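To start, the structure itself, in structure tokens.
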Amino acid sequence: MDLELRGKTVFVAGASRGIGFGMAQAFAREGAKVALTGRGEAALNEAREALIAEGVPASNLISIAGDMTRAVELAAALDATEAKLGPLHTVIANVGMSKAPLGFDISDELWDADILQNLSGSYFLAREALRRILKHPAEMRAGANIIFISSIAGVDALGTSVTYAASKAAVNHTTRALSKAVGKEGVRVNAIAPGNILFEGGVWDKNTKERPDDWGRWVRREVALRRFGKVEEIADAALFLASPRASFITGAVLVVDGGQVK
Numbered sequence: 655m656d657l658e659l660r661g662k663t664v665f666v667a668g669a670s671r672g673i674g675f676g677m678a679q680a681f682a683r684e685g686a687k688v689a690l691t692g693r694g695e696a697a698l699n700e701a702r703e704a705l706i707a708e709g710v711p712a713s714n715l716i717s718i719a720g721d722m723t724r725a726v727e728l729a730a731a732l733d734a735t736e737a738k739l740g741p742l743h744t745v746i747a748n749v750g751m752s753k754a755p756l757g758f759d760i761s762d763e764l765w766d767a768d769i770l771q772n773l774s775g776s777y778f779l780a781r782e783a784l785r786r787i788l789k790h791p792a793e794m795r796a797g798a799n800i801i802f803i804s805s806i807a808g809v810d811a812l813g814t815s816v817t818y819a820a821s822k823a824a825v826n827h828t829t830r831a832l833s834k835a836v837g838k839e840g841v842r843v844n845a846i847a848p849g850n851i852l853f854e855g856g857v858w859d860k861n862t863k864e865r866p867d868d869w870g871r872w873v874r875r876e877v878a879l880r881r882f883g884k885v886e887e888i889a890d891a892a893l894f895l896a897s898p899r900a901s902f903i904t905g906a907v908l909v910v911d912g913g914q915v916k
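Per our numbering, the very first residue in the sequence shown carries number 655; after that it's consecutive.
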């Protein structure tokens, strides 16, 4: 199936590893032009070189290091992307972290840090992207869309830190609110809420290596499909939402979790 993404410009935040890299790779394989962004310049360059090594044209890629919580850096990265790759088609806000402890006793500093990273950074990216997308003529921005990477922790209370759960729930509602705000311009806004995704260097990779039997029993008990998810399964969801196949979908939070949350 041709998803009609060839030649489209896709901006992926957090693209150096894990889900972010998997999405960048998937879009590049569909022939899209991809901007890989994140904080670590060396890791981004490695990710870009890995894509080139598998046959992606270097002219279809750009890597830009920056802090997604700083609007000025986001603006510069988006401008550089459009200058090299053309008008934005899909912008993916892929951030997710928590430094806060479990339980209720979270310091003001840790609360603010998690909200800034997970919610504010995602919104700042969407805002700066929309400012640029909406300056383009209607025919140039046809099909343009924003995708937030949220979490099932924002859908149900799953024992994560309160800050992570609160920020991801807010991302889900931001998705719905923004979709209403820009729908009249033909721009779609959706979110993906991944479940437990296993990839090298990720939290579930660490957990399952330390206690394979315990976590094996846990996933078989809690997840209907009785396994962890794959990066490719999140990337495929992003490809669909970015494509014309999802042209009547906006304001959606697509849960991709193997049937964990009910």
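Even glycine gets a Cβ: it sits at the ideal position worked out from N, Cα and C. All values derive from a computational prediction rather than experimental measurement.
Alpha carbon to alpha carbon, what distance is there between Tyr-818 and Gly-750?
For Gly-750 and Tyr-818, the distance between alpha carbons rounds to 8 Å.
Using a 10 Å radius around the Cβ and a threshold of 16 neighbouring Cβ atoms, would you call Glu-695 buried or exposed?
Answer is exposed; the Cβ neighbour count stays below 16.
Identify every residue that forms a DSSP beta bridge with Thr-829.
Looking at the DSSP assignment, Thr-829 forms no beta bridge with any residue, so it has no partner.
For the beta strand (DSSP E) holding Lys-789, just list the boundary residues, first then last.
Segment: none, Lys-789 is in no beta strand (DSSP E) and carries neither H nor E.
Any chance the stretch 752-765 sits against the stretch 676-688, with 3 or more Cβ pairs inside 8 Å?
No, the stretch 752-765 does not touch the stretch 676-688.
Can you tell me where the beta strand (DSSP E) holding Gly-692 begins and where it ends?
Segment 687-692, the beta strand (DSSP E) holding Gly-692.
Give me the Cβ distance between Thr-663 and Pro-741, rounded to the nearest whole Å; I'm assuming they're in contact under 8 Å.
Correct: roughly 6 Å between the Cβ atoms.
So Ile-673 is in the alpha helix (DSSP H); what residue range does that whole segment cover?
Its alpha helix (DSSP H) spans residues 672-683.
What are the complete alpha helix (DSSP H) segments, minimum 4 residues, inside the stretch 704-746?
725-739, all fully within the stretch 704-746.
How is Phe-778 classed by DSSP in three states: helix, strand or coil?
In this structure, Phe-778 counts as helix in the three-state DSSP scheme.
For Leu-788 and His-743, I'd like the C-alpha separation in whole angstroms.
Those two C-alpha atoms are separated by around 11 Å.
Suppose you measure from the CA of Leu-784 to the CA of Val-873; what does that come to, to the nearest Å?
Their backbone Cα atoms lie some 39 Å apart in a straight line.
Does DSSP classify Pro-848 as helix, strand or coil?
Reduced to three states, the DSSP call for Pro-848 is strand.
By the DSSP assignment, the beta strand (DSSP E) with Phe-894 in it spans what residues?
Element bounds for Phe-894: not the beta strand (DSSP E) but the alpha helix (DSSP H), 885-896.
What distance in whole Å lies between the Cβ atoms of Ile-718 and Thr-691, which are believed to be in contact at a cut-off of 8 Å?
Yes, Thr-691 and Ile-718 are in contact; Cβ-Cβ is about 5 Å, under 8 Å.
Reducing DSSP to helix, strand and coil, say where Ile-801 ends up.
Strand at Ile-801.
Count the other C-beta atoms from every protein chain shown that fall within 10 angstroms of the C-beta of Leu-659, then say buried if there are 16 or more, exposed otherwise.
With 16 or more Cβ atoms within 10 Å of its Cβ, Leu-659 is classed as buried.
By DSSP, does Ala-667 sit in helix, in strand, or in coil?
Strand.
In the DSSP assignment, what residue or residues form a beta bridge with Arg-842?
Paired residue(s): Asn-799.
Quick check: Leu-893 and Leu-657, are their CB atoms within less than 8 Å of each other?
Yes. Within cutoff.
Check the DSSP bridge columns for Val-908 and list the partner residues they point to.
Val is not the amino acid found at residue 908; the sequence shown has Leu there. Note: Leu-908 sits in a beta bridge opposite Ile-846.
Could you tell me if Arg-926 is buried or exposed, where buried requires 16 or more neighbouring beta carbons within 10 angstroms of its beta carbon?
Residue 926 is absent from the structure shown; the chain starts at 655 and stops at 916.
Looking only at C-alpha atoms, which of Glu-684, Met-655, Arg-671 sits nearest to Gly-661?
Residue Glu-684 is the option with its Cα nearest to Gly-661.
Thinking just about the alpha-carbon of each residue, which of Ala-845, Leu-770, Pro-791 is nearest to the one in Ile-806?
Checked all of Ala-845, Leu-770, Pro-791; the closest Cα to Ile-806 is Ala-845.
Among Glu-703, Lys-884, Arg-786, Ala-725, which has the Cα closest to the Cα of Ala-798?
Selected option, being the one with the closest Cα: Arg-786.
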